[in-house]
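These notes concern the structure reproduced below.
Numbering (our numbering), first residue to last: 29 to 574.
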């Protein structure tokens, strides 16, 4: 029989509906019968007992809120009857032991990546354009159009053809409704450089006009991308007078990697006689650089060289039930194989702090996490917000009523292994195992920060659907439910809906996800976000974003 509800932890006093349940339905769970007081849509929760105002609600085994009025057994959890609450946290000297999952089926497996001279292994080989200031964005857009169209990296050809046919119909007085996008000829242009996976552009709105601290953080971020193992070469465009000077960027590149030796071309507009000369020289030198990095080839590498960021966005009430736990099992497999996992989104760890603190390998690591959490939350409060205001309208509509519910489910992506390290924004991961990375929960700011810390793949779970990607780190979309996977198949790579239907276990799904990661890391599968050139990049301005 298909499961109707699930209880996420033995201590919980709410149940999650796995399918739409109707008012007055009798739901039997663990020999207890619940007569529903109202309709409970799939992904939403109902109370397992009568509760009075201020009573604590437990989900995933932790405090996630307090009821605001008397509620009845079988009644729907809503924003009106429940408000966010989370347990206080702090360092407690605890002994944490962990048993890695069985990884014997993977011990001899490898992936085919790009080995860099700093010892890291990339999952792709990109050429990267870096502006030191937003003034150069227009020039980057011109260069992108020229290089993408001519070298076979454009994904907009069918839309160009579609617009062309609309224009012809308009000019000839024909019916434009007869023009169908699906009838447009496919782009048959082959890539000139077979071993160059893409030409990427880090358009941003910084570099000048803000604080010097903003410029310094941006410099470290851009340097991290230049040093990224998925990047083979870099072209830098600068205006000249901005806060973020080229030399600052070069200093940060060398600071992060004293042995940096990738092709690096720098063009400064105020030192060039014209915009035409700037752009033509940048294109010519980049073309020569592409010839150089096209000589790189994929080589076999152990799975211990994988560095996977785990992220959720457009989350729903199934995120913490299916996709996040499945990705969490993948995370444990990768850690068991000696690889690296990056769990970020600090606002979405609110309520899960104590578990993570107890798993920290040292007191120093624990306190670094505590200090980063507290200082971030304080900055958010200073501008009139706070972690408790994190859930979006879409999150709430699909069952994530409080931040603690969202966070407790979100934290599942990191698995159960020890926390080996805690990284501030733009800090590079160096230790195998699970690391926490300080970023916002905001989809693009978080993926931007995760790639800066060294993620070479990102597993991105979603229940509502989001097309987010990253310029240098392939982003793999994991759906929490099969309805979404079918409806938005153009952006979803993996469907965790079989967990909800009971067809697959979390462990089976976690292994499938790792198998997909190995193929994506080898270039055998191209994730949808990469196919669509979904190259989102937003530097984080600290304190004003959740």
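Beta carbons: idealized from backbone N, C-alpha and C, even for Gly.
First and last residue of the uninterrupted beta strand (DSSP E) at residue i
i           : result
residue 52  : Element bounds for residue 52: n/a, residue is neither H nor E.
residue 121 : Run containing residue 121: none; DSSP gives neither H nor E here.
residue 95  : 90 to 95
residue 329 : 327 to 330
Beta-bridge pairing of residue i - partner residues as DSSP gives them
i           : result
residue 451 : 465
residue 291 : Looking at the DSSP assignment, residue 291 forms no beta bridge with any residue, so it has no partner.
residue 296 : 266
residue 523 : 507
residue 485 : 336
residue 112 : 93
residue 421 : Partner(s): none; residue 421 has no beta bridge.
residue 75  : 42
residue 60  : 57
residue 227 : 155
residue 84  : 94
residue 68  : 49
residue 104 : 74
residue 99  : 79
Nonlocal neighbours in the same chain, by C-beta distance under 7 angstroms from residue i, ignoring five residues either side
i           : result
residue 269 : 298
residue 346 : 71, 491, 508, 509, 528
residue 562 : 495, 496, 497
residue 39  : 86, 89
residue 117 : 381, 382, 385
residue 330 : 138
residue 168 : 157, 159, 229, 231, 265
Residues near residue i by beta carbon distance below 8 angstroms, same chain, minus five either side
i           : result
residue 311 : 171, 174, 175
residue 131 : 361, 364, 365
residue 473 : 467, 566, 567, 568, 573
residue 222 : 322
residue 34  : 43, 44, 46, 349
Cβ distance (whole Å) where residue i is taken to contact residue j below 8 angstroms
i           : j           : result
residue 154 : residue 225 : 6 angstroms
residue 348 : residue 479 : That belief does not hold up - the Cβ atoms of residue 348 and residue 479 are roughly 24 angstroms apart, past 8 angstroms.
residue 272 : residue 235 : 4 angstroms
residue 556 : residue 522 : In fact, because the Cβ distance is near 10 angstroms, the residues do not count as touching under 8 angstroms.
residue 355 : residue 161 : Residue 355 to residue 161, Cβ: 37 angstroms. No contact.
residue 397 : residue 384 : 7 angstroms
residue 69  : residue 54  : Residue 69 to residue 54, Cβ: 18 angstroms. No contact.
residue 481 : residue 139 : No, residue 481 and residue 139 are not in contact; Cβ-Cβ is about 20 angstroms, not under 8 angstroms.
residue 62  : residue 102 : 5 angstroms
residue 441 : residue 359 : 7 angstroms
residue 243 : residue 284 : In fact, because the Cβ distance is near 17 angstroms, the residues do not count as touching under 8 angstroms.
Helix, strand or coil at residue i according to DSSP, with G and I counted as helix
i           : result
residue 139 : strand
residue 176 : helix
residue 372 : coil
residue 278 : helix
residue 544 : helix
residue 553 : coil
residue 388 : strand
residue 317 : helix
residue 283 : helix
residue 490 : strand
residue 412 : coil
residue 149 : strand
residue 512 : helix
residue 566 : coil
residue 33  : strand
residue 261 : strand
residue 393 : helix
residue 445 : coil
residue 456 : coil
residue 303 : helix
residue 383 : helix
Same chain, Cβ closer than 6 angstroms to residue i, five either side skipped, listed in chain order
i           : result
residue 67  : 50, 51
residue 430 : 92, 93, 112
residue 82  : 94
residue 435 : 376, 377, 378, 379, 380
residue 558 : 502
residue 219 : 180
Contact test: residue i Cβ vs the ligand FAD heavy atom, cutoff 7 angstroms
i           : result
residue 247 : Absence of the ligand FAD is noted for the structure shown, with no ligands found whatsoever.
Alpha helix (DSSP H) segment containing residue i, residue limits
i           : result
residue 195 : 185 to 200
residue 362 : 351 to 364
residue 342 : No alpha helix (DSSP H) holds residue 342; DSSP gives it neither H nor E.
residue 436 : 431 to 438
residue 473 : 471 to 480
residue 248 : 240 to 254
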